[in-house]
Structure formats: structure tokens, C-alpha cells
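K.L.:
Numbering (the working numbering), first residue to last: 93 to 214.
First the structure, which I've put down as C-alpha cells, then a few questions once you've had a look.
Given below as C-alpha cells:
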């Protein structure tokens with residue numbers, strides 16, 4: 093089997109396995125992240141109604157000017173703080189963390205730690 097196909101299949105399985113256990117509710121929405129090589133994205137989602145309550149990414153104008161690179165730990169920390177501020181402003185204090193297909197390591201852990209420091213409870 094092709095190596096790229098194998099990696100893609102493993103990522104899909106991992107995402108399904110992690111996402112199958114986590115559902116966002118009105119009381120405890122899901123904080124989901126996606127990371128690419130250049131950027132990192134986070135959003136708070138209520139799965140019961142299929143609504144995104146707030147979102148943040150390194151492409152946002154308020155963060156992009158402060159960052160030299162959108163794909164490092166510093167950028168993930170900035171996005172974690174920003175998503176925590178936006179979630180608290182939307183009335184969300186507790187979230188279920190959905191790391192997606194990524195390991196809880198590096199940029200993912202930096203975003204989660206910054207969101208906790210910003211006031212979100214996991």
C-alpha cells in the first residue's frame with residue numbers, strides 16, 4: 093500500500109476514535125483544534141445544535157500582526173489565550189477538549205495550557 097495512503101488512513105482512524113467519545117453540549121461545548129504546518133485553528137462547538145460559539149486562528153488579524161510564524165508554540169499559546177477570552181465572553185466556562193488526530197504534545201499541549209490559564213476548565 094502507498095505510504096501516503098497508509099498515513100491518511102491512520103489519521104482518519106485516530107480522528108474517528110478520539111471524536112467518537114467526545115460530544116459538545118450546551119453546558120460543556122467541545123473545544124476542537126486543527127493544526128497545519130503553517131497555522132493553528134481552534135473553535136468551540138455545541139454539537140447538539142451544530143453551532144460554533146466562537147473561533148480563533150493564526151489567520152485572525154488581531155493575532156497575525158503579533159506573530160512572526162503561525163506554526164509554532166508561541167502562536168499556539170496566543171491562540172489558546174484568545175479562544176479562552178472569546179469563550180468566556182460567550183458564557184462558556186467548561187469545555188471538552190477534542191485534540192482531533194493530533195497527539196497531546198507540542199503545539200496542541202501549548203494551546204490547551206494557555207486556554208486553561210485563560211480561565212477555561214477542561
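Even for Gly, the Cβ is constructed at its ideal location relative to N, Cα and C.
Given the structure is predicted, the values throughout are model-derived calculations rather than measurements.
Which stretch, first to last residue, makes up the alpha helix (DSSP H) that contains residue 122?
P.N.:
Residue 122 -> not in any alpha helix (DSSP H); beta strand (DSSP E) instead, spanning 122 to 127.
K.L.:
Within its chain, find whatever has a CB closer than 6 angstroms to the CB of residue 128; leave out the 5 residues flanking it on each side and keep chain order.
P.N.:
For residue 128, where only same-chain residues beyond five positions count, there are no Cβ hits under 6 angstroms.
K.L.:
Identify every residue that forms a DSSP beta bridge with residue 133.
P.N.:
According to DSSP, residue 133 bridges with 126, 149.
K.L.:
What is the DSSP secondary structure of residue 160, reduced to helix, strand or coil?
P.N.:
Correct three-state label for residue 160: coil.
K.L.:
Going by Cα to Cα distance, which pick from 195, 148, 99 is closest to residue 176?
P.N.:
Comparing Cα-Cα distances from residue 176 to each of 195, 148, 99, the minimum goes to 148.
K.L.:
Could you give the DSSP three-state label for residue 144: helix, strand or coil?
P.N.:
DSSP places residue 144 in strand when its eight states are reduced to three.
K.L.:
Taking the beta carbon of residue 143 as the centre, do at least 16 other beta carbons fall within 10 Å, making it buried, or is it exposed?
P.N.:
So residue 143 ends up on the exposed side.
K.L.:
Cutting at 6 angstroms between CB atoms, please list the residues of its own chain near residue 146, excluding the five before and the five after it.
P.N.:
136, 178, 179, 182.
K.L.:
Is the Cβ-Cβ distance between residue 103 and residue 191 less than 8 angstroms?
P.N.:
Cβ distance not < 8 angstroms, so residue 103 and residue 191 don't count as in contact.
K.L.:
Using CA atoms only, rank isn't needed, just tell me which of 160, 214, 138, 155 is closest to residue 118.
P.N.:
Closest by alpha carbon: 138.
K.L.:
Report the partner residues of residue 189 according to the DSSP bridge assignment.
P.N.:
Answer by DSSP bridge pairing, in chain order: 123.
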